Structure formats: C-alpha cells, structure tokens
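Taken in sequence, the protein lines are chains A, B, C and D.
Take the first sequence: its letter number 264 is residue 268 in my numbering, and every next letter is one higher.
Take the second sequence: its letter number 290 is residue 294 in my numbering, and every next letter is one higher.
Take the third sequence: its letter number 287 is residue 291 in my numbering, and every next letter is one higher.
Take the fourth sequence: its letter number 263 is residue 267 in my numbering, and every next letter is one higher.
Glycine included, every Cβ here is placed at the ideal spot set by N, Cα and C.
Since the structure is predicted, the reported quantities are computational estimates derived from the model, not experimental observations.
4 protein chains.
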Amino acid sequence: MTDESFPYVFHYGAGEPRIRARLGEPLCVFTEDCFSGKLVAVDGKPREVAPFPRVNPLTGPIAIEGVRDGDTLAIHLVSLKPARDWGVSTVSPNFGALSGTRNNPNLQPEQAETVWIWRVGLDGMLTTTTTNGREISAPLRPFHGSLGVAPPHGEVRLSVVPDSFGGNLDIPDLGAGATLYLRANVDEAMVYIGDGHFAQGDGELAGTAVEGALNTELIFATCGDGEDMLWPRLETDTEIAVIGCARPLEDAVRIAAHGLVHWVSRLCGLEPGDAHQLVSQNCRLRIGNLVNPLYTVAAFIDKKRLPRAISDFEDTHQMLRSASKSSTQ
Amino acid sequence: MTDESFPYVFHYGAGEPRIRARLGEPLCVFTEDCFSGKLVAVDGKPREVAPFPRVNPLTGPIAIEGVRDGDTLAIHLVSLKPARDWGVSTVSPNFGALSGTRNNPNLQPEQAETVWIWRVGLDGMLTTTTTNGREISAPLRPFHGSLGVAPPHGEVRLSVVPDSFGGNLDIPDLGAGATLYLRANVDEAMVYIGDGHFAQGDGELAGTAVEGALNTELIFATCGDGEDMLWPRLETDTEIAVIGCARPLEDAVRIAAHGLVHWVSRLCGLEPGDAHQLVSQNCRLRIGNLVNPLYTVAAFIDKKRLPRAISDFEDTHQMLRSASKSSTQ
Amino acid sequence: MTDESFPYVFHYGAGEPRIRARLGEPLCVFTEDCFSGKLVAVDGKPREVAPFPRVNPLTGPIAIEGVRDGDTLAIHLVSLKPARDWGVSTVSPNFGALSGTRNNPNLQPEQAETVWIWRVGLDGMLTTTTTNGREISAPLRPFHGSLGVAPPHGEVRLSVVPDSFGGNLDIPDLGAGATLYLRANVDEAMVYIGDGHFAQGDGELAGTAVEGALNTELIFATCGDGEDMLWPRLETDTEIAVIGCARPLEDAVRIAAHGLVHWVSRLCGLEPGDAHQLVSQNCRLRIGNLVNPLYTVAAFIDKKRLPRAISDFEDTHQMLRSASKSSTQ
Amino acid sequence: MTDESFPYVFHYGAGEPRIRARLGEPLCVFTEDCFSGKLVAVDGKPREVAPFPRVNPLTGPIAIEGVRDGDTLAIHLVSLKPARDWGVSTVSPNFGALSGTRNNPNLQPEQAETVWIWRVGLDGMLTTTTTNGREISAPLRPFHGSLGVAPPHGEVRLSVVPDSFGGNLDIPDLGAGATLYLRANVDEAMVYIGDGHFAQGDGELAGTAVEGALNTELIFATCGDGEDMLWPRLETDTEIAVIGCARPLEDAVRIAAHGLVHWVSRLCGLEPGDAHQLVSQNCRLRIGNLVNPLYTVAAFIDKKRLPRAISDFEDTHQMLRSASKSSTQ
C-alpha cells in the first residue's frame with residue numbers, strides 16, 4: 005500500500021513520522037487535494053485518477069516532540085492559503101447524501117459521474133460554469149476537511165474516516181484562527197492533515213467540497229484540561245464546541261451536545277442539569293458531513309454565554325493565537 | 005377532548021374555524037405558551053399542569069378567505085412580541101434529545117423533572133438562576149415553534165407533530181420578517197399558530213425552549229409557484245429554505261436538501277445536477293428539533309448565490325414585507 | 005373523502021361504525037386487497053387504479069359492544085382464507101426499502117413500475133412468472149397487514165400508518181391462531197382490518213407483499229392485564245410478543261424489547277434486570293415492515309422460557325382459542 | 005498493546021500468524037470467552053477483569069496456506085463444543101441496546117453492573133439464578149460471535165468491530181454446519197475466531213450473550229464465485245444469506261437485502277427486478293447485534309425457493325460438509 009516516492013499517506017495510525025515539529029513553533033505544510041491533484045478538467049475521471057481508497061492523501065505523520073500518550077494536544081490553524089487558482093468538485097455514482105451508497109444501497113439506476121472546475125477569484129469568490137453555460141459561485145472559505153492524530157488502541161484507519169481521533173471531520177469551522185483539541189493516543193501524537201476545502205456547504209451533500217491544495221501554517225501546544233475529553237473539541241475567538249462522529253445523525257448530535265454539556269458544566273462550575281439548560285437554549289449545531297463512514301456534528305456555544313471566563317483551554321487558544329500573530333508579523 | 009370555554013385547540017385538522025382572516029389584511033393574535041400559561045414557578049409540575057397531549061395549545065383554526073385546496077399559502081410573520089415578562093423551560097423524565105423517550109426507551113433510571121423561570125430583560129436578554137445560585141442567559145429571539153395548516157388527506161394530528169403541513173417545526177428562523185409557504189389541503193387552509201419560543205438552541209435538546217406567550221401580527225397571501233411543493237418552504241430577506249420532517253435525522257436533511265435542489269433548479273433554470281452542486285457548496289443546514297415525533301431540518305441558501313432573481317415566491321415575500329411595513333407604520 | 009357506496013375506509017379513527025360485534029361471538033368479514041381489487045394484470049397501473057392515499061382499504065369501523073375507553077381489547081384471528089385464487093405484488097418508483105422514497109429522497113433515476121400476478125396453488129404455494137419466463141414461488145401463509153383500533157387522543161390516521169393503535173403493522177405472525185392485544189382508545193374501540201397478505205418476507209422490502217382479498221373470522225374479548233400496555237401485544241400458542249413502531253429501525257426494536265422486558269417482569273415476578281437478561285438471551289426479533297411511515301418490529305419470547313404460567317393474557321388467548329375451535333367445528 | 009505470553013489478539017489485521025492451516029484440512033482451535041476467562045462469579049467486575057478494549061480475545065491470526073488476496077475464502081464450522089460447564093453474561097453501565105452508550109449518550113443515571121453465571125446442563129439447557137432466587141433458562145446453541153479475516157486496505161480494527169471482513173458479527177446462525185464466505189484481503193487471509201456464545205437472543209440486547217469458551221473444529225476452502233462479493237455471505241444446508249453491517253439498523257438491512265438480491269439474480273439467472281421480488285416475498289431477516297460499533301443483519305432465503313440448483317458456493321459448502329463429516333467419523 006505504501007509508495008516511498010509518494011509524499012502522502014492514506015491512513016491514520018500507520019507509517020513512520022515524515023515531519024517533526026516542536027510545541028510552540030510554527031510549522032508550514034503543503035496539503036494535496038483529495039484527488040492527489042490529478043483531477044484537473046471536467047472530462048477527468050475521479051474514480052480512475054483517485055480510486056478508492058487512494059482518496060484524501062494526508063500530509064504526515066507529523067511527530068510533535070514532547071507530547072505523551074494521554075496528553076491533550078491543541079492544534080492551532082494560523083493560516084490557510086489556496087496553493088492553486090482552481091478547485092474541483094464532483095458527483096460520483098453510489099456516493100453522496102442524495103444517492104444510495106455502499107452503506108445504504110438501493111436498486112435504482114446510478115447517477116452519472118460529473119466534474120466541476122472552480123476558479124478562485126480575486127474578489128474572494130469561487131465560480132464555475134454549469135452544463136448549460138451559466139455561472140454559479142460560492143465564497144472562498146478555506147478549511148481542512150481532515151485533521152487528526154493516530155487512533156486509540158492501536159487501530160489503523162483509512163483517511164476517509166472521522167472518529168474520536170479527529171480525521172475526516174469536514175467541519176467548515178476548521179479554518180484559520182481555530183484550535184482543534186485532540187487526545188494524543190501515542191507518544192508524539194502523530195498528526196495528519198489534508199483534504200483542503202475552498203468552500204463547502206453544511207453536510208458536504210454531494211460527497212465532495214470544492215477541493216483544493218493548501219499551504220497551511222500550524223502551531224501546537226498541550227494543555228492540561230482534557231482529562232475527561234472523549235471527543236474532539238474546537239475553539240475559536242468567539243465559540244467553543246465539541247464534535248461528535250456517529251450514525252445515525254442524531255447520535256452524532258447526542259455525542260456533541262452531551263460532551264458540550266459536561267464541558268460547560270466543569271468549565272463554569274454549573275450543575276450538569278443547569279449546563280444542559282444553558283446549552284439547550286443557546287447551542288448552534290453544525291452538520292459537517294453526511295457522506296463519510298461516520299457523520300459529524302459540532303455543538304457550539306458562544307463564549308459570551310458562559311457565566312465566567314473559561315480556563316485552560318482558552319488560555320491555550322489565546323497563547324497560540326498570540327504566538328501565531330507574532331510569527332506572522 | 006374539546007372544551008368550548010378553552011380558546012385553544014390541540015389538533016391540526018379538527019374543529020370549526022374560530023378566527024377568519026383575509027388575504028393581504030394583517031391579523032393580530034395572542035398565543036399561549038406550551039403549558040397553557042399554567043407553569044409559573046420552579047416548583048410547578050409540568051406534567052400535572054399540562055399533561056400530554058394537552059401541550060402546545062394552538063390559536064386557530066384561522067380560516068383564510070379565498071384560499072382553495074391546492075393553493076400555496078404564504079404566511080408572513082410581521083412581528084412577535086412577548087406577551088409576558090417571563091418565560092419557562094423544563095426538563096422532564098423520559099423526554100428530550102439527551103434522554104431515553106417513549107420512542108427510544110431504555111432501562112436506566114429517569115431524570116428528575118425540573119423547571120427554570122426566565123426573566124425578559126430590557127437589554128434583550130433572558131436570564132435565569134441556576135440551582136447553585138448562578139445566573140445564565142440567552143438572547144431574546146422570539147419565534148413560533150408551531151405554525152401549520154390542516155393536514156392533507158383528512159388526517160387529524162396532535163399539536164406536537166410537525167410534517168408536510170408545517171406544525172411543530174421548532175425552526176428558530178420562523179420569527180419576525182419570515183414567510184412560511186405551505187400547501188393548503190382544504191379550502192380556507194385552516195391555519196394554526198402557537199408554541200412561542202423566546203429563545204431556543206438548535207435541536208431544542210432539553211425538550212422545551214424558553215416558552216412564552218406572544219402577541220403576533222400575521223399577513224397572508226397565495227402564490228402560484230407551489231405546484232411541486234411537497235414540504236414547507238421558508239423565505240427571509242436574505243435566504244430561501246426547504247424544511248424536512250423525518251426520522252432518522254439524516255432523512256430530514258435529505259428531504260430538505262432534495263427539495264431545495266429541485267426548487268433552485270426550477271427558479272434559476274439550472275439542470276438538477278448543477279443545482280445540486282450549487283446547494284452542496286453553499287447550503288446552511290439548521291436542525292430545528294430532535295424531540296418531536298418527527299425531527300426537523302431546514303436547508304437554506306443565500307439569495308445572493310442564486311444566479312438570477314427568483315420569481316413568484318420572492319414577489320410574494322416582498323409584497324407581504326411591504327404590506328406589513330405599511331401596516332405597522 | 006368519503007364515498008357512501010364504497011364499503012371500505014382509508015382512515016383509522018374516522019367514520020361511523022359500519023359493523024357491530026359482540027364480545028365472544030365470532031365475526032366473519034371480507035377484506036379487499038390493498039389495491040381495492042383493481043390491479044388484476046401485469047400491465048395494470050398501481051398508481052392509477054389505487055392512487056395514494058386510496059391504498060389499504062379497511063373493513064370497518066367495527067364497533068365492539070361493551071368495550072370501554074381504556075380497556076385492553078383482545079382480537080383473535082380464528083381463520084383467514086384467500087377470497088380469490090390470485091394475489092398481486094408490485095414495485096413502484098419512489099417506494100420500497102431498496103429505493104429512495106418520499107421520506108429519504110435521492111437524485112437517482114427512479115425504478116420502473118412493475119406488477120406480478122401470483123397464482124394460489126392447491127399445494128399451498130404461490131407462483132408467478134418472471135420477465136424472462138421463469139417460475140418463482142412463495143409458500144401461502146395468509147395474514148392481515150393491517151389490524152387496528154381508533155388512535156388515542158382524537159387523532160385520525162391514514163390506513164398506511166402503524167403505531168400504538170396497531171394499524172399497518174405488516175407482521176407476518178398476525179395469521180390464524182394469533183391474538184392481538186390493543187388498548188381501546190374510545191368506547192366500542194372501533195376495529196379496522198384489511199391489507200391481506202398471502203405471503204410476505206420480513207421487512208416487506210419491495211413495498212408490497214403478495215396482496216390478496218381474504219375471508220376472515222375474528223373473535224373479541226377484553227382482559228384486565230393491560231394497565232401498563234403502551235404498545236400492541238401479540239400472542240400465539242407458543243410465544244408472546246410486543247410490537248414497536250418507530251424510525252430508525254433500532255428504535256422500533258428498543259420499544260418492542262423494552263415492552264417485552266417489562267411485561268415478562270410483571271408476568272413472571274422477575275426483577276426488571278433479570279427479565280432483561282431472560283429476554284436478551286432468548287428473544288426473537290422480527291422486522292415487519294421497512295416501508296411504512298413507521299417501521300415495525302416484534303420482540304417474541306417462547307412461553308416455555310417464562311418461569312411460570314402466564315396469567316390474564318394467556319387465559320384470554322386460551323379462552324378465545326377454545327371459543328373459536330367450538331365455533332368452527 | 006501486545007503481550008507475548010497471552011495467546012490471543014485484540015485486533016483484526018495486526019500481528020504475525022500464530023497458527024497455520026491448509027485448505028481442506030480440519031483445524032481444531034480453542035477460543036476464550038470475551039472476558040478472557042476472568043469473570044467467574046456474580047461478584048466479579050467485568051470492567052476490571054476485561055477493561056475495554058481488552059474484550060473479545062481472538063484466536064489467530066490463522067494463515068491459510070495457498071489463499072491469495074482477492075480469493076473468496078469459505079470457512080466451514082464443523083463443530084463447536086463448550087470448553088467449560090459454565091458461561092457468563094453481564095449488564096454494564098453505558099452499554100447495551102436498552103441503555104445510553106458512548107455512541108448515543110444521555111444524561112440519565114447509569115445502570116448498575118451485574119453478572120449472571122449460567123450452568124450448562126446435560127439436557128441441553130443453560131440455567132441461572134435470578135436476584136430473587138428464581139431459575140431462568142436458555143437453550144444451549146453455541147456459535148461464534150466473532151469470525152473474520154484481515155480487513156481490506158490495510159486497516160487494523162479492534163476485535164469488537166464487525167464489517168465487510170466479518171469480525172464481531174454476533175449472528176446466531178454461525179454455529180456448527182454453517183459456512184461463512186469472506187473475501188481474502190491479504191495473501192493467506194489471516195483468520196481470527198473467538199467470542200463463543202452458548203446462547204444469544206436476536207440483537208444481543210444486553211450487550212453480552214451467554215459467553216463461553218469453545219473447542220471448535222474448522223475447515224477451509226476457496227471458491228470462485230465471489231467476484232462481486234462485497235459483504236460476508238453465509239450458507240447452511242437449507243439457506244443462503246448475505247450479512248450487512250451498518251448504522252442505523254435499516255442500512256444493515258439494505259446492505260444485506262441488496263446483496264442477496266444481486267446474488268440470487270446471478271445464481272438463478274433472474275433479472276434483478278424478479279430476484280428482488282423473490283427475495284422480498286421470502287426472505288428472513290435476522291438482527292445479529294444492536295450493540296457493536298456497527299449493527300448486523302443477515303438476509304436469508306430458503307434454498308428451496310431458488311428456481312434452480314445453486315452453483316459454486318453450494319458446491320463448496322457441500323464439499324466442506326462432506327469433508328468435515330468424513331473427518332468426524
């Protein structure tokens with residue numbers, strides 16, 4: 005399965021480190037698009053140029069020096085820049101939220117395979133041309149569909165999988181300025197990153213976003229607050245969130261909301277019942293994907309709704325924010 | 005089941021009209037909270053004061069003169085004002101997204117019944133006091149959890165049910181300035197409205213929002229564009245949406261997204277495949293409720309992403325917008 | 005919606021009684037097939053001869069004299085005889101467990117509408133001819149897909165719906181010799197019966213069974229043991245069962261299994277934890293349908309596994325068994 | 005994670021072969037129970053003696069000489085004999101189909117951990133004593149909850165996982181006389197077997213069966229008919245089946261039924277539409293588990309319903325049947 009000349013991997017949890025990084029020191033990486041950059045025209049064949057499971061090539065493993073199994077690793081996304089002036093999206097037979105798939109097959113005729121090439125405009129818009137010559141658009145909002153660490157308990161998972169170790173989450177909030185918190189399951193954590201999306205609607209319904217290569221700057225820290233952290237957590241300047249990965253979709257919501265209730269309870273010194281109420285009246289639920297082996301949902305709450313300043317996590321996020329700002333000046 | 009002295013109903017599709025309205029003429033209604041205004045203190049007993057199925061009392065039926073079976077009815081929410089300076093939320097045993105329920109029972113001990121009373125502040129915030137004396141808050145953003153018409157095919161449904169006829173949708177976008185489009189299933193449509201929410205997070209996880217009585221102004225129109233409309237549609241000044249009602253939650257997404265793809269296709273003259281792509285890269289999915297007999301999801305797209313001006317529906321929305329503005333000046 | 009000359013109804017909970025019956029006295033009824041007997045050849049058009057929602061015509065309402073709201077009604081199926089020497093099955097676009105549907109739509113091309121006519125053989129087999137001239141078969145095992153009472157709380161539901169009131173359960177065990185227990189929600193219960201199936205695999209995957217008209221003998225009783233009965237119960241000479249109706253399918257299992265655990269606990273004087281264990285190591289789960297508005301599952305346990313003789317329900321079943329045997333001699 | 009002195013493994017797809025076998029030659033193996041034989045009394049602590057993920061120890065990897073990546077491997081279960089005169093079952097907090105779990109958490113208090121020890125009687129019955137001194141029973145019907153090969157695409161999965169490679173299927177039909185067909189994903193296939201169940205109801209609702217150590221005789225073959233085989237297939241003297249693994253449960257049914265339709269179509273020379281009809285009117289659906297990371301369902305059809313003799317698979321099953329009979333005489 006491995007090819008030494010190919011600088012990417014297709015698994016979480018396998019392979020020797022190809023990159024080493026240190027806590028607090030910015031790292032710049034290039035990530036290929038989900039088709040390994042091989043789908044370049046509307047007459048291209050996605051399943052020929054990137055046959056399953058050779059989709060979502062990941063940059064990594066990135067060994068983070070000093071991180072120990074069990075630590076909470078904070079991964080801050082300093083900046084994400086499109087590495088090309090075009091992106092690509094597709095519809096494929098037997099894939100997507102509005103199609104039968106391997107996991108919920110049907111007996112209907114399949115959809116045709118179709119490709120759209122999107123241009124990155126100077127005005128911050130992506131545009132493409134429809135089959136009948138019209139122009140459609142989406143705002144450029146780059147984020148990483150995939151960001152994870154080696155899975156727990158010695159599992160090795162394909163790069164299309166999201167789970168408690170992060171991975172193919174497809175949550176659009178994972179762009180510049182966000183911090184993702186993951187439990188390290190091995191020493192040095194082994195970080196994997198890729199699947200750049202120039203734009204994506206909630207749910208990634210068609211099965212692909214506007215896929216594109218990225219140049220990304222990252223910075224890492226550890227923080228002490230993850231003792232009870234079973235699922236990925238996310239922080240921006242304005243919100244905190246917990247991410248759940250499951251099928252059916254309501255179970256992904258339950259994981260995310262349950263995790264957020266317990267996190268808010270501890271951060272703010274509220275009884276779980278009161279934290280439940282605070283979350284229930286204020287949360288924002290965002291559906292990341294409806295097409296991966298597990299669906300993903302993030303449950304957010306505005307920091308202004310938390311009845312006092314939050315502790316370790318926010319300190320870490322602010323520290324990384326500051327470190328990244330000084331590094332980019 | 006009926007009580008002539010009680011001015012509300014607990015079903016969609018039953019009863020004689022209690023209110024009559026005309027197309028294009030504003031109508032002001034009062035709607036009770038989901039507990040019929042009887043849950044007024046933290047030591048109140050929700051299941052005693054409002055035993056199932058006497059929850060979600062509805063104002064109606066409102067007969068809309070001139071509407072015919074099969075018409076598309078546009079219901080525009082001109083304004084919603086809290087009718088009291090307090091709202092109420094609860095957690096009940098065997099109910100809510102983070103509990104076993106009648107529909108997904110378990111053998112664990114049940115949660116205790118708990119009540120929170122929220123104060124409506126002059127600063128536009130709702131606040132309540134926790135069991136350990138802290139204050140928690142949520143922004144005041146009133147909307148109607150329930151707005152529907154008589155169901156199709158002669159069914160009669162409880163007021164807690166959402167479906168193709170609207171009903172207990174619990175979509176927070178159904179506030180002032182929004183237009184809901186529903187297919188009339190009988191002559192004069194028979195509109196039902198209630199279940200005011202002063203605030204609610206996505207999913208209505210705890211099973212209740214901050215529930216409150218409202219004084220609401222409505223205005224009605226019909227529009228010609230609903231021929232293929234199987235599910236509720238929603239419009240604001242900036243977005244259009246389709247609402248799906250189903251379990252599991254992914255099926256509610258599928259209904260909403262599928263409906264939006266076909267609507268956008270027809271509105272904009274795009275092939276369904278291109279409309280699918282446009283929606284997939286731009287849609288916002290909002291989870292309304294995870295606690296009603298059917299879950300609800302609205303799939304939105306920003307009007308700016310539609311490659312040309314939209315027709316009948318937008319005309320109707322603008323007309324109602326204008327009519328309502330002139331009426332409120 | 006009603007047609008006085010048409011002797012069937014398409015709703016549970018609507019209409020005046022058309023038949024009256026007495027407790028303990030056998031009643032013979034004729035039930036039409038789900039297409040009202042109008043689909044008689046392979047070139048017939050199901051959606052023209054029986055357009056939704058005019059499918060599943062029901063014989064009823066049958067008023068059961070002496071039954072009161074809240075009673076547990078036992079409906080014993082004495083015998084079921086095909087009323088014709090042929091049955092019919094179909095595949096329709098946008099319907100069935102292996103197709104997108106109204107409730108989980110997709111963007112694939114639809115399946116074609118197809119009809120099979122099955123002959124009832126003297127050898128107890130049903131046979132039909134395939135598109136390429138082969139013969140395929142299924143054993144004749146008649147049962148009623150639909151058997152229910154007026155719904156609780158004043159709802160009126162279409163004849164395609166299964167729920168706590170019974171209805172379109174599509175559980176193949178509902179054949180001769182079975183007793184179905186339902187809570188009466190109105191005085192005289194109002195029983196509805198129809199949707200005869202000459203054969204059906206688990207799940208009714210294609211969306212129709214081998215549909216056929218039946219001549220059926222029924223007998224009714226009340227029994228005192230249903231105080232805590234929220235969902236339909238089923239009894240045969242060898243097994244007892246609880247039926248759950250829900251989506252997703254696992255929730256139908258949970259309802260059925262949870263109901264069976266509590267029933268067994270009370271019948272046998274076991275702690276709920278021990279009853280859970282007994283059920284978990286012994287239960288048979290049967291999937292009735294995967295195509296109706298709610299899916300159905302029955303959770304069975306062999307009476308031999310119950311640590312002592314069961315009481316009221318079994319007495320009722322045995323009494324009806326005996327009564328029916330004397331009536332048919 | 006590995007312990008050289010411990011003769012079992014907890015992953016599919018990891019580790020060097022510990023046993024070698026040849027096609028057509030019987031192999032006898034001992035398999036430990038899911039708690040590694042350490043839970044021996046009702047006051048034992050399941051989560052202490054077998055903390056996750058050290059549950060379901062597997063005997064293997066068993067390298068099957070001569071099998072190549074891509075071959076269809078037939079694994080025939082010749083005989084299964086309890087290796088001890090007792091088995092054990094449990095209920096654990098946060099686990100089981102009638103409890104919130106890691107994947108569908110709730111805020112209710114958790115269930116207590118409880119253990120039952122079952123005696124294997126000479127009469128073929130298992131019996132245990134309840135908390136209030138009663139005796140409950142289940143028939144002894146041994147099968148392997150877990151039987152699989154190395155996963156495809158280089159994944160490594162925990163022993164609690166079922167998927168296309170087989171694994172923790174918990175299908176009670178996997179007992180003596182059954183043949184399981186799996187696609188080999190690596191040369192020599194690497195077979196893993198364990199999780200003996202002395203009895204289990206459908207769904208394994210409590211989260212454990214009556215768990216017990218087994219002495220099992222196996223025999224292996226390859227067969228040429230698996231070209232289109234994406235999911236496990238099962239054969240007994242009377243039935244063939246396809247097994248689906250997914251959440252929600254309806255998707256496991258869809259996989260299994262869709263696979264059976266296509267298999268029957270090809271085996272019998274029927275158009276897919278006719279095979280769909282044949283399966284729909286005749287299939288038996290069995291729910292294996294509702295507690296593992298993926299739920300499992302097997303879709304069966306009686307061989308007598310197949311309009312002509314089936315080919316390669318049946319030949320293989322018969323050959324293994326014969327080989328095993330001669331070996332056991």
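What do you reckon, are the CB atoms on residue i and residue j nearer than 8 Å?
i	j	result
residue 298 of chain B	residue 237 of chain B	no
residue 257 of chain A	residue 253 of chain B	yes
residue 158 of chain A	residue 165 of chain A	no
residue 188 of chain C	residue 47 of chain C	no
residue 209 of chain A	residue 101 of chain A	yes
residue 135 of chain B	residue 225 of chain B	no
residue 79 of chain B	residue 162 of chain B	no
residue 309 of chain A	residue 282 of chain A	yes
residue 69 of chain D	residue 192 of chain D	yes
residue 203 of chain A	residue 145 of chain A	yes
residue 200 of chain A	residue 293 of chain A	no
residue 142 of chain D	residue 112 of chain C	no
residue 95 of chain D	residue 280 of chain C	yes
residue 57 of chain C	residue 36 of chain C	no
residue 167 of chain C	residue 155 of chain C	yes
What residue range is occupied by the uninterrupted alpha helix (DSSP H) comprising residue i?
i	result
residue 270 of chain C	253-272
residue 284 of chain C	276-286
residue 50 of chain C	50-53
Which same chain residues, not among the five before or five after residue i, have their C-beta less than 7 Å away from its C-beta?
i	result
residue 2 of chain B	Absent from the structure is residue 2 of chain B, since the part of chain B shown begins at 5 and ends at 333.
Within the continuous beta strand (DSSP E) that includes residue i, where are the two ends?
i	result
residue 148 of chain B	147-153
residue 56 of chain C	From DSSP, residue 56 of chain C is part of no beta strand (DSSP E); its letter is neither H nor E.
residue 121 of chain B	118-124
residue 249 of chain C	243-250
For chain C, check one thing: does any of its Cβ atoms lie closer than 8 Å to the Cβ of residue i?
i	result
residue 251 of chain B	yes
residue 259 of chain D	no
If you drop the 5 nearest sequence neighbours on each side, which residues of the same chain put their C-beta closer than 6 Å to that of residue i?
i	result
residue 59 of chain C	38
Taking DSSP as the reference, what is the three-state secondary structure of residue i?
i	result
residue 194 of chain A	coil
residue 186 of chain C	strand
residue 327 of chain C	helix
residue 64 of chain D	strand
residue 91 of chain C	strand
residue 28 of chain A	coil
residue 290 of chain A	strand
residue 85 of chain D	strand
Does any CB atom of chain D fall closer than 8 Å to the CB of residue i?
i	result
residue 162 of chain A	yes
residue 115 of chain B	yes
Is the shortest distance between the beta-carbon of residue i and the beta-carbons of chain A less than 8 Å?
i	result
residue 110 of chain C	yes
residue 159 of chain D	yes
Less than 8 Å between C-beta atoms, sequence neighbours within five positions excluded: which residues of the same chain meet that for residue i?
i	result
residue 160 of chain A	15, 16, 17, 18
residue 274 of chain D	268, 282, 311
residue 4 of chain C	Summary: the structure shown does not reach residue 4 of chain C, with chain C confined to residues 5 through 333, and so no result is reported for it.
Using a threshold of 7 Å, is the CB atom of residue i nearer than that to any non-hydrogen atom of the ligand PLP?
i	result
residue 214 of chain A	The ligand PLP is not part of the structure shown, which contains no ligands of any sort.
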